[in-house]
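These notes are about the structure you will find just below.
2 protein chains.
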Amino acid sequence: MRVLVQKYGGTSVAGAERIRAVAERVAASRADDHAIVVVVSAMGKTTDELIALARSVTPDPEPRELDLLLSTGETVSATLLAMALRARGCPAVSLTAGQAGIRTNAWFTRARITAIHPERLERELQAGKVAIVTGFQGITDEADVTTLGRGGSDTTAVALACALRAERCEIYTDVDGVYTADPRVVPEARSIPRIAYEEMLELAQQGAKVMHPRAVELGQVYNMPILVLSSFVPGAGTLIAAGGPVEIRRRVQGIAHDTDVAKISLAGVPDRPGIAHAIFAPLAEAGVSVDVIVQTASFEGVTDLSFTVARGDLQRAVALVQPVAETIHASKLASASDLAKVSIVGTGIQSAPGYAARMFGILSDAGINIDMITTSDIRITCVVPRDEVQRAVKALHAGFELDKQ
Amino acid sequence: MRVLVQKYGGTSVAGAERIRAVAERVAASRADDHAIVVVVSAMGKTTDELIALARSVTPDPEPRELDLLLSTGETVSATLLAMALRARGCPAVSLTAGQAGIRTNAWFTRARITAIHPERLERELQAGKVAIVTGFQGITDEADVTTLGRGGSDTTAVALACALRAERCEIYTDVDGVYTADPRVVPEARSIPRIAYEEMLELAQQGAKVMHPRAVELGQVYNMPILVLSSFVPGAGTLIAAGGPVEIRRRVQGIAHDTDVAKISLAGVPDRPGIAHAIFAPLAEAGVSVDVIVQTASFEGVTDLSFTVARGDLQRAVALVQPVAETIHASKLASASDLAKVSIVGTGIQSAPGYAARMFGILSDAGINIDMITTSDIRITCVVPRDEVQRAVKALHAGFELDKQ
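Residue numbers (my numbering), protein chains in the order written: chain A, 1 to 405; chain B, 1 to 405.
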């Protein structure tokens with residue numbers, strides 16, 4: 001049985017007409033001799049509306065109850081799609097996360113998939129039916145409904161594809177693939193035909209919204225090809241798969257940017273063991289994610305240390321770091337929230353000479369000041385002033401000739 | 001553990017404010033040293049809206065999918081009520097029908113409860129939590145979600161009360177009890193303090209909307225006291241329980257009426273075995289419920305036969321009966337849809353002399369023609385012209401002195 005998993009996002013199923021359009025596409029894929037599993041998100045803004053409804057009852061809804069409440073959103077879209085398929089003569093059945101055997105831990109609102117028991121799912125596929133599974137959710141061993149948090153439906157789709165040893169996992173969204181840069185910023189940006197998991201991961205982590213890193217990571221672990229396509233316009237999309245052909249490696253694949261960046265700087269930090277832990281442990285305990293960390297070389301036993309957090313976390317982070325700064329006798333604590341990150345991503349660019357220099361040169365030529373620099377194996381990231389990030393993205397896109405195939 | 005089951009209908013949970021009011025009432029009942037199970041319906045018009053949504057996708061939604069879709073309505077209200085209770089410091093947990101162990105057969109849209117496995121429910125109650133169960137639904141042995149059809153949430157409540165050996169089952173609704181007649185028709189109608197199961201059953205079957213006969217029947221089988229109360233105004237309500245005190249028996253308890261009545265009459269039907277079966281079997285197979293059946297005495301080997309059906313079923317019923325009428329050589333087939341039923345209900349009234357004569361006299365004095373008559377042990381029903389039924393109800397309510405305690 002050749003299995004194909006297709007995931008349709010909220011905009012793809014917003015309204016009866018779009019649901020019928022999805023049904024048409026699914027039916028066509030099935031005619032192509034595949035067993036089809038469809039993963040759906042909640043229709044349009046349903047999840048936001050349900051959250052608002054919960055908040056109208058209490059400002060701080062209980063996570064377990066919130067998850068069960070939110071899970072109704074995908075149940076609605078799954079059943080409607082099943083009806084639409086059956087109405088056009090295509091056998092179909094909707095399955096809740098429980099029915100599809102998606103087990104998670106009990107971390108409500110941000111559960112992790114622990115196992116998939118696909119017996120029912122396989123039975124329905126064997127019976128010739130399209131199985132429509134509610135995305136974004138699972139059940140605990142106690143049969144409580146959980147939601148997977150951000151990127152949940154993509155994760156459901158990739159996890160099911162892995163469990164069913166699918167041929168590939170198709171992610172239908174409102175853009176026709178992964179772009180060399182955000183096309184709203186760079187009109188010349190083009191869809192990337194093929195990208196390696198690790199490159200996609202870096203792009204996603206650095207701000208590309210099209211796929212959540214979590215789903216990409218899962219795909220990488222199981223080596224499951226993921227094809228990102230538009231629900232609305234035809235096109236080949238972007239294939240996320242194991243390291244692409246050699247000729248497209250060692251080049252910049254895409255530019256990511258993220259405007260949700262705030263910075264905290266500590267000056268005059270004593271350079272001795274345990275200091276970093278003293279600063280970052282309270283942040284970790286409070287659930288504040290720290291992104292870029294930069295520490296300058298030690299000079300006369302003291303060093304400067306800067307790190308970035310999401311803008312929404314800045315106030316909390318400052319409050320947590322303030323007492324530590326006093327305890328360790330840092331000379332100064334400063335913060336800024338008018339920053340952004342821009343990254344170039346491509347396998348091998350970090351080990352190959354010249355990419356970093358070229359990036360800094362392009363930004364310098366554009367008159368853009370670099371505040372912080374950080375790198376990974378396949379990425380170079382610069383923190384720049386927020387009001388200059390769009391210019392930075394455009395300059396890098398042109399400078400690395402990403403508008404050319 | 002003294003268990004109380006409370007059921008709140010759709011109007012009682014329509015909106016955040018009403019949900020908080022229900023939470024207040026539930027919390028008060030719990031303070032009264034009871035373990036509380038709450039059964040909720042979907043908020044306001046949610047079920048109708050979901051049906052409309054399904055119909056926007058396909059005119060004829062698949063029953064299994066429709067049931068899973070509709071089940072989301074009660075899940076929403078159950079989780080919101082749990083949040084509201086927790087927000088006021090009252091431990092609470094919502095349970096889907098599956099989590100609450102409500103098993104049904106696989107008759108989608110009209111499933112029957114086959115068993116209740118209350119282990120989880122009992123565990124939550126033992127832990128001191130209010131358990132909020134989604135009404136109107138169950139799961140099959142295959143873990144498919146079903147809905148129970150009309151009267152479903154009342155049935156869920158009474159069934160859970162029986163399974164948990166609750167002290168009683170409280171049904172909160174938008175009226176403050178079972179009335180001697182529809183108060184919209186008879187302003188003097190009053191709430192009946194106590195009524196026997198069989199009387200309530202007859203009232204419900206004959207058109208009183210406050211409780212569905214199915215739930216009453218279940219209460220009767222397990223001898224579970226059911227208290228019908230208003231969510232909105234305080235009051236003692238109506239207790240539905242085993243045969244009331246002797247002094248209130250052998251009197252008319254209430255007047256029911258139903259305007260959803262159509263009649264089919266067959267004249268000149270040969271009076272021989274098998275004829276009734278020939279007429280009613282096709283109706284039963286087609287799922288058309290036949291209500292009142294009246295056959296006149298045979299005269300010269302032919303008889304007249306009339307029966308009533310719901311108005312919405314009339315066309316279908318005529319189409320089914322027409323060929324049978326020809327086969328059996330009935331001389332005439334007629335139908336009418338401008339009828340209504342009015343019934344007096346009270347234990348012992350049928351075996352006691354005078355009630356029937358008094359009923360016919362009251363209607364005659366009011367100048368209302370009686371089209372058909374039918375009786376049960378505790379009920380006398382007359383079919384009358386629809387445009388006279390309100391006058392009939394008023395005349396009977398006054399004639400049997402139901403406005404007096």
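In this text, a Cβ means the ideal position worked out from N, Cα and C, and glycines have one as well.
So, does the region 144-160 of chain B touch the region 213-230 of chain B, judging by three or more C-beta pairs under 8 angstroms? yes
Given that A:M83 touches chain B, what residues does it touch there, using C-beta distances under 7 angstroms? What you label residue 83 of chain A is simply residue 83 of the first sequence in a count that begins at 1. Here the neighbours are A54, V57, T58, P61, E62, E65.
For A:H117 and A:S230, I'd like the C-alpha separation in whole angstroms. Here residue 117 of chain A corresponds to residue number 117 of the first sequence, with the count starting at 1. Here residue 230 of chain A corresponds to residue number 230 of the first sequence, with the count starting at 1. The straight-line gap from Cα to Cα measures roughly 30 angstroms.
First and last residue of the alpha helix (DSSP H) that includes A:I275? Position 275 of the first sequence, counted from the first residue, corresponds to residue 275 of chain A. Counting along the chain, the alpha helix (DSSP H) containing A:I275 begins and ends at 275-285.
Quick check: is the beta carbon of B:A21 nearer than 8 angstroms to any beta carbon in chain A? Here the question's residue 21 of chain B lines up with position 21 in the second sequence. Chain A, which has no Cβ nearer than 8 angstroms to the Cβ of B:A21, makes this no.
Along the chain, where does the alpha helix (DSSP H) containing B:K209 start, and where does it finish? Translated into the one-based positions of the second sequence, residue 209 of chain B becomes position 209. Careful: B:K209 lies outside any alpha helix (DSSP H) and carries neither H nor E.
Using alpha carbons as the reference points, say which of B:T109, B:G98, B:V130 lies closest to B:A115. Translated into positions along the second sequence, residue 115 of chain B becomes position 115. The shortest Cα separation from B:A115 among B:T109, B:G98, B:V130 belongs to B:G98.
How would you call A:H397, buried or exposed, if buried means at least 16 neighbouring beta carbons within 10 angstroms? As a first step, residue 397 of chain A must be located in the first sequence, where it is residue number 397. A:H397 is buried by the Cβ-count criterion.
Under 9 angstroms between beta-carbons, which chain A residues line up against B:Q137? List them in chain order, please. Within the second sequence, the letter at position 137 stands for residue 137 of chain B. By Cβ distance, chain A contributes nothing, its closest Cβ being about 12 angstroms from B:Q137, past 9 angstroms.
Run the CB neighbour count on A:D33, radius 10 Å, all protein chains shown included, and call it buried at 16 or more, exposed below. The count along the first sequence starts at 1 and reaches residue 33 of chain A at position 33. Looking at its Cβ environment, which holds fewer than 16 other Cβ atoms inside 10 Å, A:D33 is exposed.
Residue(s) in a DSSP beta bridge with B:Y8: Translated into the one-based positions of the second sequence, residue 8 of chain B becomes position 8. B:Y8 pairs with B:V40, B:Y172.
Test: A:L68 CB closer than 8 angstroms to a CB of chain B: Position 68 of the first sequence holds residue 68 of chain A. Answer yes: the Cβ-Cβ gap between A:L68 and chain B drops below 8 angstroms somewhere.
According to DSSP, simplified to helix, strand and coil, what is B:I51? Against the second sequence, residue 51 of chain B aligns to sequence position 51. Three-state DSSP puts B:I51 in a helix.
Residues of the region 124-148 of chain B whose Cβ lies closer than 7 angstroms to any Cβ of chain E, in chain order: Within the model displayed, chain E is absent; protein chains A and B are what it includes.
If you reduce the DSSP assignment to three classes, tell me which class A:S306 lands in. In the first sequence, the residue the question calls residue 306 of chain A occupies position 306. In the structure shown, A:S306 sits in a strand (DSSP, three-state: E or B).
What's the call for A:M1, buried or exposed, on a 16-neighbour Cβ count within 10 Å? In the first sequence, the residue the question calls residue 1 of chain A occupies position 1. By the 10 Å Cβ count, A:M1 comes out exposed.
For A:G235 and A:L203, I'd like the C-alpha separation in whole angstroms. Counted from its first residue, the first sequence places residue 235 of chain A at position 235. Counted from its first residue, the first sequence places residue 203 of chain A at position 203. Each residue's Cα considered, the two are about 21 angstroms apart.
Which term fits B:E326, buried or exposed, when burial requires 16 or more other beta carbons within 10 angstroms of its beta carbon? For the purposes of this step, residue 326 of chain B is taken as residue 326 along the second sequence, with counting starting at 1. Looking at its Cβ environment, which holds fewer than 16 other Cβ atoms inside 10 Å, B:E326 is exposed.
Through-space distance from B:R123 to A:T11, alpha-carbon basis: Your numbering for residue 11 of chain A matches position 11 in the first sequence. Your numbering for residue 123 of chain B matches position 123 in the second sequence. Distance between the alpha carbons of A:T11 and B:R123: 41 angstroms.
In whole angstroms, what separates the C-alpha of A:E247 from that of B:D60? Numbered from its first residue, the first sequence carries residue 247 of chain A at position 247. Numbered from its first residue, the second sequence carries residue 60 of chain B at position 60. Residue placement at A:E247 is poorly supported in this model, since its pLDDT is 48, which falls under 50; the coordinates are not used for a value here.
Let me confirm a value: B:K332 is counted as buried when at least 16 other C-beta atoms fall within 10 Å, else exposed. Which label applies? What you label residue 332 of chain B is simply residue 332 of the second sequence in a count that begins at 1. It counts as exposed.
Taking the beta carbon of A:D313 as the centre, do at least 16 other beta carbons fall within 10 Å, making it buried, or is it exposed? Looking up residue 313 of chain A in the first sequence gives position 313. A:D313 should be labelled buried.
If you follow the alpha helix (DSSP H) that A:Q126 is part of, which residue opens it and which one closes it? If you number the first sequence from 1, residue 126 of chain A lands on position 126. 119-126 is the extent of the alpha helix (DSSP H) around A:Q126.
By Cβ distance below 6 angstroms, which residues in the same chain neighbour A:Y355 in space, the five residues on each side in sequence not counted? Residue 355 of chain A sits at position 355 when you count from the first residue of the first sequence. Answer for A:Y355: I349, listed in chain order.
For A:Q99, which residues in chain B fall below 7 angstroms Cβ to Cβ? Here the question's residue 99 of chain A lines up with position 99 in the first sequence. A143, listed in chain order.
Determine whether the beta carbon atoms of B:C90 and B:V130 lie at a separation below 8 angstroms. On the second sequence, position 90 is the one that residue 90 of chain B refers to. On the second sequence, position 130 is the one that residue 130 of chain B refers to. In contact: B:C90 and B:V130 (Cβ atoms closer than 8 angstroms).
Same chain, Cβ closer than 7 angstroms to B:R391, five either side skipped, listed in chain order: In the second sequence, counting from the first residue as 1, residue 391 of chain B sits at position 391. Excluding sequence neighbours, B:R391 sits near A366, I368.
Under three-state DSSP, which class holds B:F360? Within the second sequence, residue 360 of chain B is the residue found at index 360, counting from 1. In the structure shown, B:F360 sits in a helix (DSSP, three-state: H, G or I).
So which residues of chain B does A:T40 contact, with C-beta pairs closer than 7 angstroms? Sequence index remark: in the first sequence, residue 40 of chain A carries index 40 (1-based). Strictly speaking, residue 40 of chain A in this sequence is Val, with Thr absent from that position. Near A:V40 there are no residues of chain B at all, since even the closest Cβ is about 13 angstroms away, more than 7 angstroms.
Between A:I344, A:A336, A:D304, which has its C-alpha nearest A:A330's C-alpha? What you label residue 330 of chain A is simply residue 330 of the first sequence in a count that begins at 1. For the residues A:I344, A:A336, A:D304, the minimum Cα distance to A:A330 belongs to A:D304.
Give the straight-line distance between the Cα atoms of B:V13 and B:S77, rounded to the nearest whole angstrom. As a first step, residue 13 of chain B must be located in the second sequence, where it is residue number 13. As a first step, residue 77 of chain B must be located in the second sequence, where it is residue number 77. Their backbone Cα atoms lie some 7 angstroms apart in a straight line.
Which of helix, strand or coil DSSP assigns to A:I248: Your numbering for residue 248 of chain A matches position 248 in the first sequence. The predicted position of A:I248 is uncertain, since its pLDDT is 48 and thus under 50; no value can be drawn from it.
Closer than 9 angstroms, Cβ to any Cβ of chain B: which residues of the region 263-286 of chain A, in chain order? none
What does DSSP give as the partner residue(s) for B:S298 in the beta ladder? Locating residue 298 of chain B in the second sequence gives position 298, where the first residue counts as 1. BP columns for B:S298 are empty, so no partner.
From A:R251 to A:I195, what distance separates their C-alpha atoms? On the first sequence, position 251 is the one that residue 251 of chain A refers to. On the first sequence, position 195 is the one that residue 195 of chain A refers to. So the two alpha carbons sit approximately 11 angstroms from each other.
Can you list, in chain order, the residues of its chain with a C-beta nearer than 7 angstroms to that of B:I293? Leave out the 5 residues immediately preceding and following it. Walking along the second sequence from the start, residue 293 of chain B turns up at place 293. So the qualifying residues of the chain are F307.
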